[in-house]
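Engineer: Under the working numbering, the first residue of the sequence shown carries the number 19, and numbering increases by one thereafter.
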Amino acid sequence: VPIVLVGNKCDLEGDRKVPREKGVNLSHRWGGTPFYETSARTRINVDEVFYDLVRMINRQYPTKNDKSKNK
19 VPIVLVGNKC
29 DLEGDRKVPR
39 EKGVNLSHRW
49 GGTPFYETSA
59 RTRINVDEVF
69 YDLVRMINRQ
79 YPTKNDKSKN
89 K
């Protein structure tokens, strides 16, 4: 199952509850799971998280059209 690890509210650096390093370390412990820090308010990395998930899904579950392109 494709997953990413997301830390939200990165625009509120002064109110941070979890250090960035802790998120990075957890992503490494989870086998290199992509880690993003996002902000819904400023739209930082929001689209990138979803694009990355879609790319992972497409690689893991290629469609019939994708399979025929590789022939």
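Built from N, CA and C at the ideal position, the CB exists for glycine as well. Here the structure is a predicted model, which is why all the values come from computation and not from measurement.
So what does residue 24 bridge to, in DSSP terms?
Structural biologist: Residue 24 sits at position 6 when you count from the first residue of the sequence shown. According to DSSP, residue 24 bridges with 54.
Engineer: Check whether the region 23-33 touches the region 58-72, counting contact only when three or more Cβ pairs, one atom from each stretch, lie closer than 8 Å.
Structural biologist: Touching, per the Cβ criterion.
Engineer: May I ask you to list the residues that DSSP assigns as paired with residue 62?
Structural biologist: Locating residue 62 in the sequence shown gives position 44, where the first residue counts as 1. For residue 62, which the question treats as bridged, DSSP gives the partners 57.
Engineer: So residue 54 and residue 63 are supposed to be a Cβ contact under 8 Å. How far apart are they, rounded?
Structural biologist: As a first step, residue 54 is located in the sequence shown; it is residue number 36 there, counting from the start. As a first step, residue 63 is located in the sequence shown; it is residue number 45 there, counting from the start. Contact flag correct, Cβ pair sits at about 5 Å.
Engineer: In chain order, what residues of the same chain have a beta carbon less than 6 Å from the beta carbon of residue 45, not counting five sequence neighbours either side?
Structural biologist: Your numbering for residue 45 matches position 27 in the sequence shown. Hits under 6 Å: 23, 51, 53.
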